[in-house]
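Chemist:
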Amino acid sequence: MKQINKEYLKLNKNLLLSIVFSMAISAMVAQLLAGQETYLNSTFTIITGYVVFFSSFGALYYFGLRKKYGTLGKNKNLKRELKRLMASLGIGEIFYLAIRWSTLYHFLNIGIEPYLASLISEVISLASYMLIVTISAK
């Protein structure tokens, strides 16, 4: 039981670090694209956020798995763990993307500073994502 909790803490730490890094880079990109049309700013900011999040999370997760399993050959536990991780993304990501894009677009249109619009949109989207994942898991 304690081993499972320890693994969840490592996963959550990796998620949190990736989210913070993604939020910071997304806010910078939104500010850099302030002169662009709001739909372009929203789209490129979200694409950048996804690339940064999945790259950083993938790297952190990979190094964590290497520590845990050593060489990443044909390990049944590793395959099971990766399948579980992929299944958890699913429908929550679709809702996250829709909420993130629409809120960022809206905040940019009403004149909120791009970096602040990106941060607020991210917080709303993450809260919605967590709620959806929690509801769908039951």
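Take any residue in the sequence shown, note its place counting from 1, add 18, and you have its number in the working numbering.
Each residue gets a CB set at the ideal place from its N, CA and C atoms; glycine is no exception.
If we cut at 8 Å on Cβ distances, does K85 have a partner in chain D?
Modeler: The structure shown contains no chain D, having only a single protein chain.
Chemist: Do you know offhand how far I130's Cα is from F72's?
Modeler: If I take the Cα positions, the gap works out to 27 Å.
Chemist: Spell out a yes or no on whether the segment 47 to 60 and the segment 129 to 145 are touching, meaning 3 or more CB-CB pairs, one atom from each, closer than 8 Å.
Modeler: Counting Cβ pairs under 8 Å, three or more are found: they touch.
Chemist: Counting only the same chain and skipping the five closest in sequence on each side, list residues whose C-beta sits under 6 Å from that of L78.
Modeler: Hits under 6 Å: N32.
Chemist: Throw me the rounded Cβ distance for the F113 and Y147 pair, which I believe falls under 8 Å.
Modeler: The pair is a contact, with the Cβ atoms about 7 Å apart (cut-off 8 Å).
Chemist: Using C-beta distances below 6 Å, list every residue in its chain close to L149, excluding the 5 sequence neighbours before and after it, in chain order.
Modeler: The answer is none, since no qualifying residue turns up.
Chemist: With three or more beta-carbon pairs closer than 8 Å as the criterion, would you say the segment 52 to 68 touches the segment 117 to 128?
Modeler: Cβ pair count under 8 Å is three or more, so yes.
Chemist: Could you work out which residue in V151, E55, G67 and A135 is closest to G110 when comparing CA atoms only?
Modeler: It is V151 whose Cα lies nearest to the Cα of G110.
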